[in-house]
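Asker: Residue numbers (the numbering used here): 275 to 448.
Using N, Cα and C, we set each Cβ at its ideal position, and we do this for glycine too.
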Ligand SMILES: [Zn+2]
């Protein structure tokens, strides 16, 4: 099947209610859409404060990705696995069970200069970067105003929150 037909089919099944913000588009931090309304209120409040400050510097800070339904997250992961293979996909996309986006606790901001501005000034508003390979991804970190942005993980696969520890009875033998 033609890739564009496929993408259109996927978007028809999973839409705005699943937190979809179509690729190449963004929404305001005040948009009345599930991707924004589903965010943790404290995260959204911090983001709006930061966006107002950014605007004073002529920077329009927008949201490329916010809350996502588990189904949407799964679709993103499946698409990434198809494109990149499972090992590389894990460096970019979390599972529905572990994704901070599904929990409403992460936001992807744009455009590039707004992400760069937030990377420099976000700690003041309690917004932190988490992954070196995702300069657009921010989460709430209330202590950053005092201690600064904590060290970054290289990518999501290094994030201990994304690891499910399975204790195998075979592996724990003598
Ligand atoms: Zn993200």
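1) Would you mind giving the Cβ-Cβ distance between residue 381 and residue 333, rounded to the nearest angstrom? I have them listed as a contact below 8 Å.
2) Thinking residue 423 and residue 398 are a contact (beta carbons under 8 Å), I'd like their distance in whole angstroms, please.
3) How about residue 357 and residue 429: are their beta carbons less than 8 Å apart?
4) With which residues is residue 402 paired in a DSSP beta bridge?
5) Less than 8 Å between the beta carbons of residue 312 and residue 396, yes or no?
6) Taking 7 Å as the line, does the beta carbon of residue 408 fall inside it for any heavy atom of ligand 1?
7) At the 8 Å Cβ level, is residue 287 part of the contact set with chain B, yes or no?
8) Excluding five sequence neighbours on each side, which residues of the same chain lie with their C-beta closer than 8 Å to the C-beta of residue 390?
9) Work out the CA separation of residue 373 and residue 400 for me, nearest whole Å.
10) With 16 as the cutoff for other CB atoms within 10 Å, does residue 349 come out buried or exposed?
11) In angstroms with no decimal places, state the Cα-to-Cα distance between residue 444 and residue 314.
12) Whole angstroms is fine: what's the gap from residue 275's alpha carbon to residue 353's?
Answerer: Looking at the atomic coordinates:
1) Reading the chain shown from its first residue, position 107 is the one you call residue 381. Reading the chain shown from its first residue, position 59 is the one you call residue 333. With a Cβ gap of about 16 Å, residue 381 and residue 333 do not count as contacting.
2) Within the chain shown, numbered from 1, the residue matching residue 423 stands at position 149. Within the chain shown, numbered from 1, the residue matching residue 398 stands at position 124. Contact flag wrong, Cβ pair sits at about 10 Å.
3) Start at 1 with the first residue of the chain shown, and residue 357 comes out as number 83. Start at 1 with the first residue of the chain shown, and residue 429 comes out as number 155. No, these two residues do not count as a Cβ contact at 8 Å.
4) The residue you call residue 402 lines up with position 128 of the chain shown. 413.
5) The sequence position of residue 312 within the chain shown is 38, counting from 1. The sequence position of residue 396 within the chain shown is 122, counting from 1. No, these two residues do not count as a Cβ contact at 8 Å.
6) What you label residue 408 is simply residue 134 of the chain shown in a count that begins at 1. Checking every heavy atom of ligand 1 against the Cβ of residue 408, one is found closer than 7 Å.
7) Note that chain B does not occur in the displayed structure, where there is just one protein chain.
8) Sequence index remark: in the chain shown, residue 390 carries index 116 (1-based). The residues are 409.
9) Residue 400 sits at position 126 when you count from the first residue of the chain shown. Residue 373 sits at position 99 when you count from the first residue of the chain shown. Distance between the alpha carbons of residue 400 and residue 373 is about 20 Å.
10) On the chain shown, residue 349 is found 75 positions in, with the first residue counted as 1. With 16 or more other Cβ atoms within 10 Å, it is buried.
11) In the chain shown, the residue the question calls residue 444 occupies position 170. In the chain shown, the residue the question calls residue 314 occupies position 40. Confidence in residue 444 is poor, its pLDDT being 49 and thus under 50, which makes the residue's placement too unreliable to answer from.
12) As a first step, residue 275 must be located in the chain shown, where it is residue number 1. As a first step, residue 353 must be located in the chain shown, where it is residue number 79. Because the pLDDT of residue 275 is 47, which lies under 50, any placement of that residue in the model is unreliable, and the number read from its coordinates should be weighed accordingly. C-alpha separation (whole angstroms): 14 Å.
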